[in-house]
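Numbering (the UniProt record's numbering), first residue to last: 1 to 231.
Input: a single structure, listed below in structure tokens.
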């Protein structure tokens, strides 16, 4: 269920689509209620690459999202009615999270492309690691960043006791940590989703999310070495 913000100006309002009820609850507690709305997403999202509009709207999570955005969908869509000018996908930093993120990107690309073209869609960057030495806590958002933090700490003191926590899900953070690392405009990192080459994006989405298996298999094999596997 949508937990809306009190701000009515779309240019100042943000909508976070959060994977899972647990993390959704944490985000509701940690957010700034004035300008941040939270929409928890339960379970897997429908693959809209293969679905007609009536089937898309019959899927509860998508229907709730369309209602929250306020634009409508299909032939009657009106982007001027968009209620949030920052729409943020916030999923776990694991394979399931990446899958849900891809399904949401597919939905926006296929059914609300103007949201991407207008620069309103973003992907949140939750931390991968919490690095703690005594009471001092820092966060690392990639393997490389974690290695640098650890290297710096051990250079300063070779015998330092470092406590490393690998975050598998957003729900592992408390509201304060989620705000501090992922939602606070002063500290967070948001990656803006752009579509500079619509034809290339169209081709990739069709291949990865469509029914044809051979081209998808060929693409995955060709790009397997580039993948950052979470095993």
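All C-beta atoms, glycine included, are put in the ideal place defined by N, C-alpha and C.
- Straight-line measurement puts the Cα of residue 101 at about 22 Å from the Cα of residue 74.
- Contact between residue 133 and residue 161 is confirmed by a C-beta separation of about 7 Å, below the 8 Å threshold.
- Note: residue 133 is bridge-paired with 136 in the DSSP secondary-structure output.
- Contact between the stretch 21-30 and the stretch 44-59 is absent: fewer than 3 CB-CB pairs across the two stretches fall below 8 Å.
- In the structure shown, residue 66 adopts helical secondary structure according to DSSP, grouped into three states.
- Assigned with DSSP and collapsed to three states, residue 124 falls in strand.
- Under the three-state reduction of DSSP output, residue 86 falls in the strand class.
- Only buried fits residue 106, as 16 or more other CB atoms lie within 10 angstroms of its CB.
- DSSP lists 131 as the beta-bridge partner residues of residue 164.
- Annotation for residue 23: the continuous alpha helix (DSSP H) segment containing it runs 21-30.
- In the structure shown, the three-state DSSP call for residue 183 is helix.
- Residue state for residue 59 is assigned as coil, using DSSP reduced to three classes.
- Here DSSP, grouped into helix, strand and coil, assigns residue 37 to strand.
- For residue 17, the three-state secondary structure derived from DSSP is strand.
- The residue among 114, 41, 93, 96 with its C-alpha nearest the C-alpha of residue 72 is 114.
- If you check the CB distance, residue 124 and residue 39 do not come in under 8 Å.
- DSSP places residue 178 in the uninterrupted alpha helix (DSSP H) bounded by 175-178.
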